[in-house]
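This report concerns only the one structure given below.
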Amino acid sequence: MSLRDLKIPAQRHPEKQRREDSPQPKKPDWIRVKAPTSDGYKVTRDIIREHKLTTVCEEAGCPNVGECWSQGHATMMIMGEVCTRACTFCNIATGKPPEDLDVFEPGRVADAVKKLGLNHVVITSVDRDDVLDGGAEHFAQTIRAIRKQAPNTTIEILTPDFIRCDPKVLEIVVEARPDVFNHNLETVPGLYPEVRPGARYFHSLRLLQRVKELDPTMFTKSGIMVGLGEDKQSVTQVMEDMRAADIDFLTIGQYLQPTPKHHKVDRFVTPDEFAGYEKTAYNKGFLMVSSTPLTRSSYHAGDDFAKLRAARMEKLGA
Numbered sequence: 001m002s003l004r005d006l007k008i009p010a011q012r013h014p015e016k017q018r019r020e021d022s023p024q025p026k027k028p029d030w031i032r033v034k035a036p037t038s039d040g041y042k043v044t045r046d047i048i049r050e051h052k053l054t055t056v057c058e059e060a061g062c063p064n065v066g067e068c069w070s071q072g073h074a075t076m077m078i079m080g081e082v083c084t085r086a087c088t089f090c091n092i093a094t095g096k097p098p099e100d101l102d103v104f105e106p107g108r109v110a111d112a113v114k115k116l117g118l119n120h121v122v123i124t125s126v127d128r129d130d131v132l133d134g135g136a137e138h139f140a141q142t143i144r145a146i147r148k149q150a151p152n153t154t155i156e157i158l159t160p161d162f163i164r165c166d167p168k169v170l171e172i173v174v175e176a177r178p179d180v181f182n183h184n185l186e187t188v189p190g191l192y193p194e195v196r197p198g199a200r201y202f203h204s205l206r207l208l209q210r211v212k213e214l215d216p217t218m219f220t221k222s223g224i225m226v227g228l229g230e231d232k233q234s235v236t237q238v239m240e241d242m243r244a245a246d247i248d249f250l251t252i253g254q255y256l257q258p259t260p261k262h263h264k265v266d267r268f269v270t271p272d273e274f275a276g277y278e279k280t281a282y283n284k285g286f287l288m289v290s291s292t293p294l295t296r297s298s299y300h301a302g303d304d305f306a307k308l309r310a311a312r313m314e315k316l317g318a
């Protein structure tokens, strides 16, 4: 059997090929970005290639890759490049992962973090439902390896939902003490059957709530996309649900359709509407909110983490 070529859409997303095409609308001026060309971008790219690492920046087609990589910032994606889920919004390759977890990957990630001189790093992953603990121990090993090689770097993780695992696997990740625990709800609950069919809204919400129960000092973070077909009332309800789970940091960004086979863009939300969401979220008690068309989970994550810490100190009166 020949290996899949993940550069070919039909092999990258075999489960989506039966879907009807949805036209990809022209992006408004406020969502367009320049192609990456800077020297800093090339240095970051070369370090990523040298260490044989995968980044969600490339795999998910993030529009901010040029800006972030030019500053030496990259979001590492561990546990391979093939995801066992098939979310209709996502551009990461789907299917059965062809390989076991790479035991040397945590060390390579840590070495790259050290060489890039990162003050703050974001580590995410594909979903690995084929692994007994969902990759919890792999996350923990990666956190520990970074702590050893780059002790001054703060660590943010963006994890799967571990929905098919023993609930205790979450303790493995929390005990490794990342500085920020992020898990994205992605969309409003009414759109889950279409947008995120392998996940459950209240399971994801409960996961984040349990992180706070296990370690009340750990910052928690979650995000959603808009422009998928939600309305303002449902977005506001998600904010309420997140605050009930004591989530500290909310991100809201515009959904962009990767290919005609992916979920269609319902509309482009205006910058003024994003500003309105930000104001509403702060009024509901979030310590930190990032709500712009180009906001992504790890966009400006280092600067935002500094603001997040400062907001907590101010709230505590320190």
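Numbering (the UniProt record's numbering) for the sequence shown: 1 to 318.
In this text, a Cβ means the ideal position worked out from N, Cα and C, and glycines have one as well.
Exercise. Can you pull the DSSP bridge partners for His120?
Worked result: By one-based count along the sequence shown, residue 120 stands at place 120. Its beta-bridge partners are Thr154.
Exercise. Would DSSP call Leu214 helix, strand or coil?
Worked result: As a working note, residue 214 is residue 214 in the sequence shown. Helix, per DSSP.
Problem set entry | Buried or exposed by the 16-neighbour rule on C-beta atoms within 10 Å, applied to Val180 | Locating residue 180 in the sequence shown gives position 180, counting from the first residue. With 16 or more other Cβ atoms within 10 Å, it is buried.
Exercise. In whole angstroms, what is the alpha-carbon distance linking Lys7 and Ser222?
Worked result: Walking along the sequence shown from the start, residue 7 turns up at place 7. Walking along the sequence shown from the start, residue 222 turns up at place 222. Between the alpha carbons of Lys7 and Ser222 lies a distance of about 30 Å.
Exercise. How about Val126 and Cys165: are their beta carbons less than 8 Å apart?
Worked result: In the sequence shown, the residue the question calls residue 126 occupies position 126. In the sequence shown, the residue the question calls residue 165 occupies position 165. For the pair Val126 and Cys165, the CB atoms are not nearer than the 8 Å cut-off.
Exercise. By a C-beta neighbour count over all protein chains shown, 10 Å radius and 16 as the cutoff for buried, is His13 buried or exposed?
Worked result: Mapped onto the sequence shown, residue 13 falls at position 13. His13 comes out buried.
Problem set entry | Distance, Pro293 Cα to Gln254 Cα | Numbered from its first residue, the sequence shown carries residue 254 at position 254. Numbered from its first residue, the sequence shown carries residue 293 at position 293. One C-alpha to the other measures close to 5 Å.
Problem set entry | First and last residue of the uninterrupted beta strand (DSSP E) at Asn182 | Mapped onto the sequence shown, residue 182 falls at position 182. That run of the beta strand (DSSP E) goes Val180 to Asn182.
Problem set entry | Whole-angstrom distance between Val169 and Asp133, CA atom to CA atom | Taking the first residue of the sequence shown as 1, we reach residue 133 at position 133. Taking the first residue of the sequence shown as 1, we reach residue 169 at position 169. Looking at the two C-alpha atoms, the distance is approximately 6 Å.
For this session: Sort Asp130, Thr295 and Val121 by Cα distance to Asp100 and report the nearest one.
Result: Residue 100 sits at position 100 when you count from the first residue of the sequence shown. The option with the nearest alpha carbon to Asp100 is Asp130.
Problem set entry | Length of the line joining the Cα atoms of Leu205 and Asp215 | The residue you call residue 205 lines up with position 205 of the sequence shown. The residue you call residue 215 lines up with position 215 of the sequence shown. So the two alpha carbons sit approximately 16 Å from each other.
For this session: Between the Cα of His203 and those of Lys114, Ile163 and Glu186, spot the shortest distance and give me the residue it belongs to.
Result: The residue you call residue 203 lines up with position 203 of the sequence shown. Of the candidates Lys114, Ile163 and Glu186, the residue whose Cα lies closest to the Cα of His203 is Ile163.
Problem set entry | Spatially closest choice to Gly190 from Met218, Phe219, Gln233 and Ala136, by CA coordinates | Sequence index remark: in the sequence shown, residue 190 carries index 190 (1-based). Residue Gln233 is the option with its Cα nearest to Gly190.
Exercise. To the nearest angstrom, how far is it from the Cα of Asp241 to the Cα of Glu50?
Worked result: As a first step, residue 241 is located in the sequence shown; it is residue number 241 there, counting from the start. As a first step, residue 50 is located in the sequence shown; it is residue number 50 there, counting from the start. C-alpha separation (whole angstroms): 42 Å.
Problem set entry | Phe286 - containing alpha helix (DSSP H), residue span | The residue given as residue 286 occupies position 286 in the sequence shown. Careful: Phe286 lies outside any alpha helix (DSSP H) and carries neither H nor E.
For this session: Examine the Cβ distances between the stretch 254-263 and the stretch 14-33 and report whether three or more of them are shorter than 8 Å.
Result: The stretch 254-263 vs the stretch 14-33: in contact.
Exercise. Pick from Val235, Phe89, Asp102 and Arg85: whose alpha carbon is nearest that of residue 320?
Worked result: Outside the displayed span of the chain (1 to 318) sits residue 320, for which this structure offers no information.
For this session: Would you identify the three-state DSSP class for Thr280, choosing helix, strand or coil?
Result: What you label residue 280 is simply residue 280 of the sequence shown in a count that begins at 1. If DSSP states are grouped into helix, strand and coil, Thr280 belongs with the helices.
Exercise. What is the DSSP secondary structure of Val174, counted as helix, strand or coil?
Worked result: What you label residue 174 is simply residue 174 of the sequence shown in a count that begins at 1. Here Val174 sits in helix by DSSP.
Problem set entry | C-beta contact flag for Ala150 and Val113 at 8 Å | Your numbering for residue 150 matches position 150 in the sequence shown. Your numbering for residue 113 matches position 113 in the sequence shown. Yes, these two residues count as a Cβ contact at 8 Å.
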